[in-house]
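Single-structure report; data block below.
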Amino acid sequence: MLYGGVIGAFNCQGAGWDPKEQRIKGYSQCYKPMPGSVHVSEIEWDQKKDAAEMGEAEEYAVYLSKAEKLFLTTPKSEAILMTIQPSTFEIFSFVPIKKLNLTTKFAPIGVTDMFNSGGAIQVLEYNEGGATGKNNVKIKIKGGGNFLAYSNVSPKKCCLNGAEAGFEWSGDGKLALKLPWIEEAGGISDVAFIF
1 MLYGGVIGAF NCQGAGWDPK EQRIKGYSQC YKPMPGSVHV SEIEWDQKKD AAEMGEAEEY
61 AVYLSKAEKL FLTTPKSEAI LMTIQPSTFE IFSFVPIKKL NLTTKFAPIG VTDMFNSGGA
121 IQVLEYNEGG ATGKNNVKIK IKGGGNFLAY SNVSPKKCCL NGAEAGFEWS GDGKLALKLP
181 WIEEAGGISD VAFIF
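Letter 57 of the sequence shown, counting from 1, is numbered 57 in full-length UniProt numbering, and no numbers are missing.
Below, the structure written as structure tokens:
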């Protein structure tokens, strides 16, 4: 399953194959910062049937992996401006925001230690409480490291593999949790956030 889209921006200027030395070589005189922009509309959501609905979201959480920035955007927002320095890159992860109720918004970014953080998410399930008022998000994640999500409010609690676990939440919406690698479980963690 897919739970978001990714745009990668790479600045490879100033490097190339040197036929004399038979290797890739850098040419510092050619190194230049690369300005550009990205927009959520540039993701080809229609390439897979189960991703098409994500292209219709009203709002997205955007995570920049190298800059470690998290912010929100909409299809009507201006493009995100960037400048990529020589021999560097930025990965933009766009994740549709789910409204759990009138006041709670959530979007799982994934394991930020990985190149494609959202690729760690195996299963995502939203349980909207209705009359009970208990909203929760259940996620199966493959990989150990730093899990990040966007949440506009702090969860009441978090469970990791069936036991209550500590998490960090900040007012800018960053919801973070350390995931262990459990070999016996094939590196899969069950996470639940209760709101």
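We put the CB at the ideal spot given by N, CA and C, even for glycine.
Taking the C-beta atoms as reference points, residue 34 is found no nearer than 9 Å to residue 45. Per the C-alpha coordinates, the member of 94, 135, 172, 82 positioned closest to residue 57 is 94.
Runs of the beta strand (DSSP E) lying entirely within the region 26–76, each at least 3 residues long, are 34–38, 60–64, 69–73 in chain order. With 16 or more other CB atoms across the displayed protein chains lying within 10 angstroms of its CB, residue 97 is buried. Closest in C-alpha terms to residue 143, from the list 160, 120, 152, 163, comes 120.
Shown here, residue 151 sits in a strand according to DSSP, grouped into three states. If you draw a straight line from the Cα of residue 92 to the Cα of residue 43, it comes to about 11 Å. Taking 9 Å as the cut-off, the Cβ atoms of residue 8 and residue 15 do not count as close. Cβ neighbours of residue 71 within its own chain (closer than 7 Å, five residues either side excluded): 62. Between residue 20 and residue 12, the alpha-carbon positions lie close to 20 Å from each other. Going by DSSP, residue 126 is part of the beta strand (DSSP E) stretching over 121–127.
Per the coordinates, the alpha-carbon of residue 167 lies some 45 Å from the alpha-carbon of residue 30.
Residue 182 counts as exposed, since fewer than 16 other beta carbons sit within 10 angstroms of its beta carbon. The three-state secondary structure of residue 117, taken from DSSP, is helix.
Excluding its 5 nearest sequence neighbours in each direction, residue 179 has C-beta neighbours in its own chain below 8 Å: 111, 141, 143, 144, 145, 146, 147, 160, 189, 191, listed in chain order. Cβ-Cβ distances below 7 Å link residue 75 to 40, 41 in the same chain, with the five nearest sequence neighbours on each side left out; the list follows chain order. Contact check for residue 151 and residue 106: beta-carbon distance about 5 Å, within the 8 Å limit, so the pair qualifies.
Nearest to residue 126 by alpha-carbon distance, out of 169, 195, 157, is 195.
Around the beta carbon of residue 115, fewer than 16 other beta carbons sit within 10 angstroms, so the residue counts as exposed.
Sequence-distant partners of residue 153 (beyond 5 residues in either direction) whose C-beta falls short of 6 Å from its own C-beta, in its chain, are 104.
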